[in-house]
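Add 245 to the 1-based position in the sequence shown for my numbering, that's all there is to it. Ideal placement from N, C-alpha and C gives every residue a C-beta, glycine not left out.
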Amino acid sequence: MKHLPKHLQPRWRYLAVELESWPDAEIDRRAFQREVWFAAQNLVGDAGSADADLSVVRFDFDEGAGHVIVRARRGEVDRARAVLACLDAVEGAAVGVRVRGVSGTVQGCEEKYIRRRPEPTDQRNVVFENAERRAVGRGGRIDVRADDAFVGATELDL
């Protein structure tokens, strides 16, 4: 079978997406892709979801932070941004999604918008609610282990 001529081939845009979650969250590529498809179907329906044709090209997530590159058809970038904004959890783990930028190539997307390694994390013991607890720090944010879950805090809260 012959390839389509260049002017008939689909054009793509690549969205650099930053992910943030609790330090103990385990999110994999397949689960994230499934949530993107469900969000697209719920927001824009079957026809709109097929038009956008969202797919995860690159995925890197570790210790509660990571980045993803999502492919969308040219002209559907606004719709893709809206779909990604609808994501709030992946497999029950709360997740923050932030679109860093859009590019025409995967390489350009990585070079412009994706830092190679997310912010370094440090583990320490802190006093929170009059008790010493284990915490994980990233930048100015601190996630304090309280019973069976994490609580978001800042330096001023401790």
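Pull the bridge partners of residue i from the DSSP assignment, please.
i	result
serine 348	Tyr259
aspartate 388	Val381, Gly397
isoleucine 314	Ala261, Arg303
glutamine 368	Val381
phenylalanine 373	Ala376
alanine 338	Val335
Between which residues of its own chain and residue i is the CB-CB distance below 6 Å, once the five residues before and five after are set aside?
i	result
arginine 256	Arg319
histidine 312	Glu263, Asp305, Ile359
Cutting at 8 Å between CB atoms, please list the residues of its own chain near residue i, excluding the five before and the five after it.
i	result
arginine 386	Gly397, Ala398, Thr399
alanine 394	Trp267
alanine 297	Ala285, Val289, Ala317, Arg318, Glu321, Arg324, Ala325, Val328
Tell whether a beta-carbon distance below 8 Å holds between residue i and residue j.
i	j	result
threonine 366	arginine 383	yes
arginine 316	serine 294	no
isoleucine 314	alanine 270	no
aspartate 388	alanine 380	yes
valine 335	tyrosine 259	no
arginine 378	arginine 390	yes
Can we say the region 310-330 touches the region 370-380, given the rule of at least three CB pairs closer than 8 Å? no
Just checking, does the region 336-346 make contact with the region 253-267 on the three C-beta pairs under 8 Å criterion? yes
Counting Cβ pairs, one atom from each stretch, are 3 or more of them under 8 Å apart for the region 279-288 and the region 303-312? no
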